[in-house]
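Visitor:
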Amino acid sequence: EPEVTQTPSHQVTQMGQEVILRCVPISNHLYFYWYRQILGQKVEFLVSFYNNEISEKSEIFDDQFSVERPDGSNFTLKIRSTKLEDSAMYFCASSEAMMATTDTQYFGPGTRLTVL
Amino acid sequence: DQQVKQNSPSLSVQEGRISILNCDYTNSMFDYFLWYKKYPAEGPTFLISISSIKDKNEDGRFTVFLNKSAKHLSLHIVPSQPGDSAVYFCAASEGVNAGGTSYGKLTFGQGTILTVHP
């Protein structure tokens, strides 16, 4: 069964460093998302991406964050200068179509980001 | 952001009995609802969904009920099995609206830890 994959599973970085989290969405999916879950808190929406551009972003997704689909398979989330509060599980998701009445987002296993 | 709430942090059920997980929402623009199951150190796994035009959707042991007037949905698992023990999240989406300001983002509840005892 097709699945969303993410690398690395765990990333440790120093505050102020740049990190890139990688995702390979399901191959025929067209819509891509990043969510995060800070320990003990809800899963929060960060950004949605379609047709090589951001469709929607949350207040969390400030200028320190960027997303890119550098080729036909990868979807990346970059944090330019990490802060302690960026420590969280980051989940990538993809869906085939954005007709929400018929569609479902499928999630990857997540990348645990630890900022020291 | 309390648009989606799961008021029970945990639920304990005996194997073979029914598990009922509840979810309330406040945003009347939500028109698609999903339940995800999550194990520690894994991503959310899709279980079942329901559109706002329905009040019930069933898939095997899992049934989701939607009461739009009460802004309430529930997930029933019958019969419950020890392998069902996990965190269950409800999530809601406004879909894609005519104004182009919503593109399917999911708003999640806090999750309910389900423990099914043998």
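Chains as they are written, first to last, in our numbering: chain S, 11 to 126; chain X, 3 to 120. Glycine included, each C-beta is placed from N, C-alpha and C at the ideal position.
1. Do we get a CB-CB distance below 8 Å when we pair X:E44 with the residues of chain S?
2. Of the choices S:M25, S:S83, S:V22, S:M99, whose alpha-carbon is the least far from that of S:Y41?
3. Taking only runs of the beta strand (DSSP E) that begin and end inside the region 21-80 of chain S, which ones reach a length of at least 3 residues, in chain order?
4. Under 8 Å, do S:L123 and S:A98 count as touching if we go by C-beta distance?
5. Where DSSP assigns a beta bridge to X:I22, which residues make up the other side?
6. Below 7 Å CB to CB, which residues in the same chain sit around X:P120 once its five sequence neighbours on both sides are set aside?
7. Using the three-state DSSP reduction, which class does X:D33 fall into: helix, strand or coil?
8. Hey, how far is the Cα of S:E69 from the Cα of X:D86?
9. Grouping DSSP H, G and I as helix and E and B as strand, with all else coil, what is X:E60?
10. Within 8 Å (strictly less), CB to CB, does S:P9 reach chain X?
11. Looking at X:G70: is its Cβ nearer than 8 Å to the Cβ of X:S54?
Guide: In short, the structure shows the following:
1. As a first step, residue 44 of chain X must be located in the second sequence, where it is residue number 42. The beta carbon of X:E44 sits closer than 8 Å to some beta carbon of chain S.
2. Taking the first sequence and counting its residues from 1, one reaches residue 41 of chain S at position 31. Residue S:S83 is the option with its Cα nearest to S:Y41.
3. Taken in chain order, the complete beta strand (DSSP E) segments of 3 residues or longer contained in the region 21-80 of chain S are 29-34, 41-47, 53-60, 63-67, 75-78.
4. The sequence position of residue 123 of chain S within the first sequence is 113, counting from 1. The sequence position of residue 98 of chain S within the first sequence is 88, counting from 1. Yes.
5. Counting from one through the second sequence, the residue named residue 22 of chain X turns up at place 20. X:I22 is bridged by DSSP to X:H78.
6. What you label residue 120 of chain X is simply residue 118 of the second sequence in a count that begins at 1. The residues are E17, P84.
7. As a working mapping, residue 33 of chain X is identified with position 31 in the second sequence. Coil, per DSSP.
8. Residue mapping note: residue 69 of chain S aligns to position 59 of the first sequence, counting from 1. Residue mapping note: residue 86 of chain X aligns to position 84 of the second sequence, counting from 1. One Cα belongs to S:E69, the other to X:D86, and the distance between them is close to 34 Å.
9. Within the second sequence, residue 60 of chain X is the residue found at index 58, counting from 1. Reduced to three states, the DSSP call for X:E60 is strand.
10. This structure does not reach residue 9 of chain S, given that chain S is present from 11 up to 126, and the question cannot be answered.
11. Numbered from its first residue, the second sequence carries residue 70 of chain X at position 68. Numbered from its first residue, the second sequence carries residue 54 of chain X at position 52. In the sequence as presented, Gly is not what sits at residue 70 of chain X; that position holds Lys. Yes, the pair counts as a contact, with Cβ atoms nearer than the cut-off.
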